[in-house]
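In my numbering, the protein residues as written are 54 to 247.
Below is one structure, written out as structure tokens; comments come after it.
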């Protein structure tokens, strides 16, 4: 009888709340330190850089163009990185070179079908930026990746083709030197600050 009476009181307490009161409940991770319960909240990293000083309107336009290009190309470079990792891991499970070559041809065909329409929409500057961002994501130049997966002949062919248009698959990403402004924009875009 006591237990049933206690459960009635609990139900009554739950029902006495005002129906129009909208209270939010937030579950926060916590830790107990010397008997005290301390909430643990992980705050996102906020990057703070010196304000940029532009010499003229052209520099401002170039900076805004860089932001636009990074926002367009960065997701593609991350997709390429994931595709490379998946392909490499799967190729390591294949028993012989013949099956690896067959799989590589199928992957190459699939990638061309998937990315050719998107690559055609990129500007020349976005294409060059993509080459650098692939190096940033994978820690390998585009030339090294093509050479590893498709062989030195195709790597040389693609490098020559890129050179005809003034680009290079061997271009490395330098976050401290030439690409410092690009790195700044990437960090801020990834963090949602731009």
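All C-beta atoms in this analysis are idealised placements derived from N, C-alpha and C, irrespective of residue type, glycine included.
To which residues of the same chain is residue 189 closer than 6 Å at the C-beta, ignoring the five residues directly before and after it? 226
Could you give the residue range of the beta strand (DSSP E) that holds residue 90? 89–92
With H, G and I counted as helix, E and B as strand and the rest as coil, what does DSSP make of residue 141? helix
Taking 6 Å as the limit between beta carbons, can you name the residues of its chain near residue 69, skipping five residues before and five after? For residue 69, the predicted structure reports a pLDDT of 47, less than 50, and the residue's modelled location is therefore unreliable. A value from the coordinates is still provided. No residues qualify anywhere along the chain.
Should residue 248 go down as buried or exposed, given a rule of 16 or more other Cβ atoms within 10 Å for buried? For residue 248 there is no data in the structure shown, the boundaries of the chain being 54 and 247.
Who are the near neighbours of residue 233 in its chain, counting only those whose CB is closer than 7 Å to its CB and skipping five residues on each side? none
Whole angstroms are fine: how far does the CA of residue 80 sit from the CA of residue 171? 42 Å
Among 116, 173 and 205, whose alpha-carbon lies nearest the alpha-carbon of residue 108? 116
Could you tell me which residues DSSP pairs with residue 85 in its beta bridges? 90
The alpha helix (DSSP H) with residue 193 in it runs from where to where? First-last for residue 193: undefined, no H or E at that position.
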